[in-house]
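Heads up: the structure comes next, in structure tokens.
Residue numbers (the working numbering), protein chains in the order written: chain Y, 462 to 575; chain Z, 5 to 149.
See below:
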């Protein structure tokens, strides 16, 4: 599933990485605990999280995550967005909760990272 | 016989959440420049990042040493801090003494040390209460070697 399709089904605002939305994603990991993301890394996976600090992007970098969806209307600060832009990680934000995001993406064929 | 090719040391300060993760970013950037296998970089990155976060959360300061050899990559973290009273317990996934503030930063869920061990081919954890903790992890460059 392409990131632009994920943006549409989760009704996301694109915070950075509009040029990266053609990227295909088939796996996602959802957690506010960054060690949980690092415990099941999957290259090019999507991260779904409510954690908006800079460690979300630093974790994404270590785990080769291609994009982050911030849930529950949470938004990262400018420094976090800047780092993501520099490192070419797409950041999206949705008002939906984590459970709904996971359910919608699962219905569209996205698998969980194990 | 192992031949050391590159050694770099980094200082990491306790409670420095703002810069936490920069050492692991630097280490992985070095490995990417050297065109090391991405799977290996991922494992070294997880080990270094988790170890670095442990220092930031629990220790006063630490030296993180990264050693690239012809057949393996080693990460050694020696901290000055409270030490770990019960290593067996600390290694149990989910066990944590982290504060709510640490969890709000996205860490302290009791997965750090298990993640380091899982990504290591060799792993040593030594600790002295009141003095500090030493974590040693090495990852073979040729997983079939």
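We put the beta carbon where it would ideally sit given N, CA and C, even for glycine.
Who are the neighbours of residue 500 of chain Y on chain Z, taking C-beta pairs under 8 Å? On the first chain, position 39 is the one that residue 500 of chain Y refers to. Simply 115, 118, 119, 122.
Reference residue 515 of chain Y; option with closest CA among Z:117, Z:42, Z:20: As a first step, residue 515 of chain Y must be located in the first chain, where it is residue number 54. Measuring from the Cα of residue 515 of chain Y, the nearest candidate turns out to be Z:20.
Chain Z contact for residue 525 of chain Y (CB, 8 Å cutoff): Position 64 of the first chain, counted from the first residue, corresponds to residue 525 of chain Y. Answer yes: the Cβ-Cβ gap between residue 525 of chain Y and chain Z drops below 8 Å somewhere.
Should the segment 84 to 99 of chain Z be called in touch with the segment 26 to 40 of chain Z, which here means at least 3 C-beta pairs below 8 Å? no
I'd like to check one pair, residue 462 of chain Y with residue 569 of chain Y: are the Cβ atoms closer than 8 Å? Start at 1 with the first residue of the first chain, and residue 569 of chain Y comes out as number 108. Start at 1 with the first residue of the first chain, and residue 462 of chain Y comes out as number 1. In this structure, residue 462 of chain Y lies closer than 8 Å to residue 569 of chain Y by Cβ.
At least one CB of chain Z closer than 8 Å to the CB of residue 495 of chain Y: is that the case? The count along the first chain starts at 1 and reaches residue 495 of chain Y at position 34. Yes - at least one Cβ of chain Z is within 8 Å of the one on residue 495 of chain Y.
I'd like to know if the segment 6 to 18 of chain Z and the segment 529 to 536 of chain Y are in contact, where contact means that at least 3 CB-CB pairs between them fall below 8 Å. no
Does DSSP put residue 517 of chain Y in a helix, in a strand, or in coil? Within the first chain, numbered from 1, the residue matching residue 517 of chain Y stands at position 56. Residue 517 of chain Y: helix per DSSP, three-state reduction.
Which residues in the same chain as residue 58 of chain Z place their Cβ atom closer than 6 Å to its Cβ, once the five residues preceding and following it in sequence are excluded? What you label residue 58 of chain Z is simply residue 54 of the second chain in a count that begins at 1. Answer for residue 58 of chain Z: 116, listed in chain order.
Burial state of residue 493 of chain Y, where buried means 16 or more other Cβ atoms lie within 10 Å: Here residue 493 of chain Y corresponds to residue number 32 of the first chain, with the count starting at 1. Under this definition residue 493 of chain Y is a buried residue.
In chain Z, which residues lie with their C-beta within 7 Å of the C-beta of residue 519 of chain Y? Residue numbering aside, residue 519 of chain Y sits at position 58 when the first chain is read from its first letter. Neighbours of residue 519 of chain Y on chain Z, chain order: 25, 29.
Reducing DSSP to helix, strand and coil, say where residue 21 of chain Z ends up. Residue mapping note: residue 21 of chain Z aligns to position 17 of the second chain, counting from 1. Note: residue 21 of chain Z maps to coil in three-state DSSP.
Quick one: is residue 522 of chain Y near chain Z, going by C-beta distance under 8 Å? The residue given as residue 522 of chain Y occupies position 61 in the first chain. Yes, because at least one Cβ of chain Z sits closer than 8 Å to the Cβ of residue 522 of chain Y.
Can you confirm whether residue 54 of chain Z, when its beta carbon is compared against all beta carbons of chain Y, has any partner nearer than 8 Å? Within the second chain, the letter at position 50 stands for residue 54 of chain Z. Closer than 8 Å: yes.
Is the distance from the Cβ of residue 78 of chain Z to the Cβ of residue 131 of chain Z below 8 Å? By one-based count along the second chain, residue 78 of chain Z stands at place 74. By one-based count along the second chain, residue 131 of chain Z stands at place 127. Contact flag unset, no.
May I ask you to report which of helix, strand or coil DSSP gives residue 26 of chain Z? Here residue 26 of chain Z corresponds to residue number 22 of the second chain, with the count starting at 1. Helix at residue 26 of chain Z.
Suppose you measure from the CA of residue 73 of chain Z to the CA of residue 472 of chain Y; what does that come to, to the nearest Å? As a first step, residue 73 of chain Z is located in the second chain; it is residue number 69 there, counting from the start. As a first step, residue 472 of chain Y is located in the first chain; it is residue number 11 there, counting from the start. Taking the straight line from one Cα to the other gives about 48 Å.
Select from Z:18, Z:25, Z:37, Z:55 the residue whose C-alpha is nearest the C-alpha of residue 122 of chain Z. Mapped onto the second chain, residue 122 of chain Z falls at position 118. For residue 122 of chain Z, the nearest C-alpha among the options comes from Z:55.
Quick one: Cα of residue 68 of chain Z to Cα of residue 544 of chain Y, how far? Taking the second chain and counting its residues from 1, one reaches residue 68 of chain Z at position 64. Taking the first chain and counting its residues from 1, one reaches residue 544 of chain Y at position 83. Taking the straight line from one Cα to the other gives about 23 Å.
Using alpha carbons as the reference points, say which of Z:18, Z:139, Z:38, Z:53 lies closest to residue 29 of chain Z. Locating residue 29 of chain Z in the second chain gives position 25, where the first residue counts as 1. Here the closest residue by C-alpha is Z:53.
Taking only beta-carbon positions, decide if residue 32 of chain Z is within less than 8 Å of chain Y. Here residue 32 of chain Z corresponds to residue number 28 of the second chain, with the count starting at 1. Closer than 8 Å to some Cβ of chain Y, the Cβ of residue 32 of chain Z qualifies, so yes.
Between the alpha carbons of residue 145 of chain Z and residue 547 of chain Y, how many angstroms are there, rounded? The residue given as residue 145 of chain Z occupies position 141 in the second chain. The residue given as residue 547 of chain Y occupies position 86 in the first chain. Their Cα atoms are separated by approximately 29 Å.
In its own chain, which residues sit with a C-beta less than 7 Å from the C-beta of residue 61 of chain Z, not counting the 5 before and 5 after it? Here residue 61 of chain Z is taken as the residue at index 57 of the second chain, counted from 1. Same-chain partners within the cutoff: 102, 106, 111, 112.
Residues of chain Y with a CB under 8 Å from the CB of residue 46 of chain Z: which are they? Stepping through the second chain from its first residue, residue 46 of chain Z is reached at position 42. Chain Y residues near residue 46 of chain Z: 502, 504, 523, 524, 525.
Count the other CB atoms within 10 Å of the CB of residue 3 of chain Z; is the residue buried (16 or more) or exposed (fewer)? In the structure as shown, chain Z begins at 5 and stops at 149. Residue 3 of chain Z is therefore absent and cannot be evaluated.
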